[in-house]
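Please read the structure below before turning to the comments.
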Amino acid sequence: MSFYQRYIIPRLTHLAMRQKQLLPFRQRVIGAAEGRVLEIGIGSGLNFPLYGGTVTSLIGLEPSCELLNMARPRAEAAAAPITLLDGSAETIPLDSGSIDTVVTTWTLCTIPNAAQALGEMRRVLRPGGALLFVEHGRAPEPSVAGWQDRFDPLWSRLAGGCHLNRKMDDLIGANGFRIEAMENARIPGPRTHTYLYQGRARPA
Numbered sequence: 001m002s003f004y005q006r007y008i009i010p011r012l013t014h015l016a017m018r019q020k021q022l023l024p025f026r027q028r029v030i031g032a033a034e035g036r037v038l039e040i041g042i043g044s045g046l047n048f049p050l051y052g053g054t055v056t057s058l059i060g061l062e063p064s065c066e067l068l069n070m071a072r073p074r075a076e077a078a079a080a081p082i083t084l085l086d087g088s089a090e091t092i093p094l095d096s097g098s099i100d101t102v103v104t105t106w107t108l109c110t111i112p113n114a115a116q117a118l119g120e121m122r123r124v125l126r127p128g129g130a131l132l133f134v135e136h137g138r139a140p141e142p143s144v145a146g147w148q149d150r151f152d153p154l155w156s157r158l159a160g161g162c163h164l165n166r167k168m169d170d171l172i173g174a175n176g177f178r179i180e181a182m183e184n185a186r187i188p189g190p191r192t193h194t195y196l197y198q199g200r201a202r203p204a
C-alpha cells in the first residue's frame, strides 16, 4: 500500500464525509437502526453520536487502520457500546444471523467486491433484519451517467477505490436483498458525484 493510500486517502475521506449537507441523510438512516447493529465502513466514526436508545450494541467494521485510529475517541465517547473491527466487508467476521441492522453510509461505492460484501451482509442479518443505506451512485440522466463512466477509472485511483457509476438499487437488489423503500436526491456539487440513493432493504 502506498503512502498516499495509507495516510492521505483516510484524511481526505474524513474531510469529505464531514460536509454538513450530508448530516440530514445520516440522521434519517441512523435513526432507523435498532438492536445489534453492524456498520460497514465506519470511517472516522462520524455516525457514532447519531445512534439512539433503540440500539443495544454497535459493531463498526473498517479496513483502514488510520480511520480506525480516528474513530476510537468517538467510540469511547458514544452512548451505545461500540466494538471496532479491522476488516473487510467481503469477509465479515461475525456469525450468521447475528445482526439486527446493517448500516452503510457512502460505503458501497468503495468496496472492491460489492456483490460479495452484500452477500456477507445478508448472511449476518437475522431473518427480517434490515439493511439501511445512503450511497452516491449512477445518475439517471444519460449524459451525466456517460461522464461518470468516463471519469470513473481516474476517480477510483485518486479517491481510494470510490466508484461514481454503481447503480445502487440494482446492485443491492441483485445480491440477496429486496428494497422496501428508497428515495433519490441530489445534493450540491458536481452532478457526477452527487446523486444519492437512500433506503431500506430486507433479505430476499
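Heads up: the sequence shown begins at 1 in UniProt numbering, then just goes up one per residue. Every residue gets a Cβ at the ideal spot worked out from N, C-alpha and C, and that includes glycine.
Buried or exposed (CB count within 10 angstroms, at least 16 for buried), residue i
| i | result |
| --- | --- |
| N113 | exposed |
| G53 | exposed |
| I172 | buried |
| C65 | exposed |
| E39 | buried |
| E62 | buried |
| Q27 | exposed |
| T110 | buried |
| G146 | exposed |
Rounded straight-line distance, which links the Cα of residue j to that of residue i
| i | j | result |
| --- | --- | --- |
| E34 | M182 | 19 Å |
| I59 | G43 | 12 Å |
| P127 | S96 | 10 Å |
| residue 222 | S2 | Any answer about residue 222 is impossible in this case: the structure gives the chain only from 1 up to 204. |
| P190 | A77 | 35 Å |
| A117 | R186 | 26 Å |
| V144 | L108 | 20 Å |
| L15 | L164 | 18 Å |
| A204 | C162 | 27 Å |
| R18 | D169 | 25 Å |
Bridge partner(s) assigned by DSSP for residue i
| i | result |
| --- | --- |
| N184 | Y197 |
| R122 | Paired residues: none, contrary to the question. |
| F177 | P203 |
Extent of the continuous alpha helix (DSSP H) run through residue i
| i | result |
| --- | --- |
| L131 | Not the alpha helix (DSSP H): L131 falls in the beta strand (DSSP E), residues 125–136. |
| L15 | 9–17 |
| S57 | Unbroken run through S57 is the beta strand (DSSP E), 55–62; no alpha helix (DSSP H). |
Integer Cβ distance of residue i from residue j, believed to fall under 8 Å
| i | j | result |
| --- | --- | --- |
| I82 | F48 | 6 Å |
| L85 | P93 | 6 Å |
| T56 | H136 | Wrong, their Cβ atoms sit about 30 Å apart, outside the cutoff. |
| N175 | G129 | Incorrect: roughly 15 Å between the Cβ atoms, too far for contact. |
| A32 | Y51 | 11 Å between Cβ atoms; not a contact. |
Delimiting residues of the beta strand (DSSP E) encompassing residue i
| i | result |
| --- | --- |
| D86 | 82–86 |
| I92 | From DSSP, I92 is part of no beta strand (DSSP E); its letter is neither H nor E. |
| I40 | 35–40 |
Min CB distance residue i to chain B below 9 Å
| i | result |
| --- | --- |
| Y7 | Annotation note: the requested chain B is absent from the structure, which comprises a single protein chain. |
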